[in-house]
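Residue numbers (this note's numbering): 13 to 269.
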């Protein structure tokens, strides 16, 4: 029988039961993605209008093949479905992992897991309203007098989708830093003292992300630096201090034995 209810910390499950729960949660996640696909395909015209908004006025994506309009639309639909289904996927993942944590560890993990979708959406919103308009304006006007510039639909929507998704993941930096500080891998003071190296790493990451032009790279670096500083603040406030320990696993009372 399929198992979906999260197990308690003291509940012992067999390997088969764990695999059954994992399979059920994967099915739920896939079903959520399928529903999101159907919804996005139903509203694909609205989705394309939203995707075209970051382009400068008068710019319309162009297709060059008979099948390209369909497959390009399906690409946009897939990216939209991933964004919509992500909260369900994160919930199923957290519900599967949390039973393995002790009560003390769970109190630490729950706030982190709740921040993950919030920061992901913040990264998507920042990318859509700030990075994409500035990037498209700069790139499409660069040496525009020397070229006949057309916006190829497939390339533009892939650039848009990858930028939204990667920025959503990049916005998880404070969570990663706080988690590392909490488990004692590194301290906030160590991160602060090595800030110059962090800036170098952030610059390299910004260059490797979609859009290697100076405008996009600079706009990506700015929130990454702010998120790094936020991670240091969170690490100092909630990170693990010397002598801290997770709450031990509760033991059964000897009474009644």
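Every residue, glycine too, gets a C-beta built ideally from N, C-alpha and C.
Taking the C-beta atoms as reference points, residue 149 is found nearer than 7 angstroms to residue 68.
Residue 159 counts as exposed, since fewer than 16 other C-beta atoms from the protein chains shown sit within 10 angstroms of its C-beta.
As the crow flies, the alpha-carbon of residue 108 is around 38 angstroms from that of residue 230. Residue 179 holds the alpha-carbon nearest to the alpha-carbon of residue 139 among 179, 249, 131. In the three-state DSSP reduction, residue 199 falls in the coil class, being neither helix nor strand. A check of alpha carbon separations from residue 48 across 146, 86, 147, 234 identifies 86 as the nearest.
In the three-state reduction of the DSSP assignment, residue 87 falls in the helix class, which pools H, G and I. Taking the Cα of residue 244 as reference, the smallest distance to any Cα among 191, 225, 37 is reached at 191. For residue 246 and residue 186, the gap between their C-alpha atoms comes out near 7 angstroms. Annotation: the continuous alpha helix (DSSP H) that includes residue 170 extends over 165-182. Scanning 127, 147, 42 for the CA closest to the CA of residue 93 turns up 42. For residue 243, the uninterrupted alpha helix (DSSP H) segment begins and ends at 226-250.
If you draw a straight line from the Cα of residue 46 to the Cα of residue 156, it comes to about 41 angstroms.
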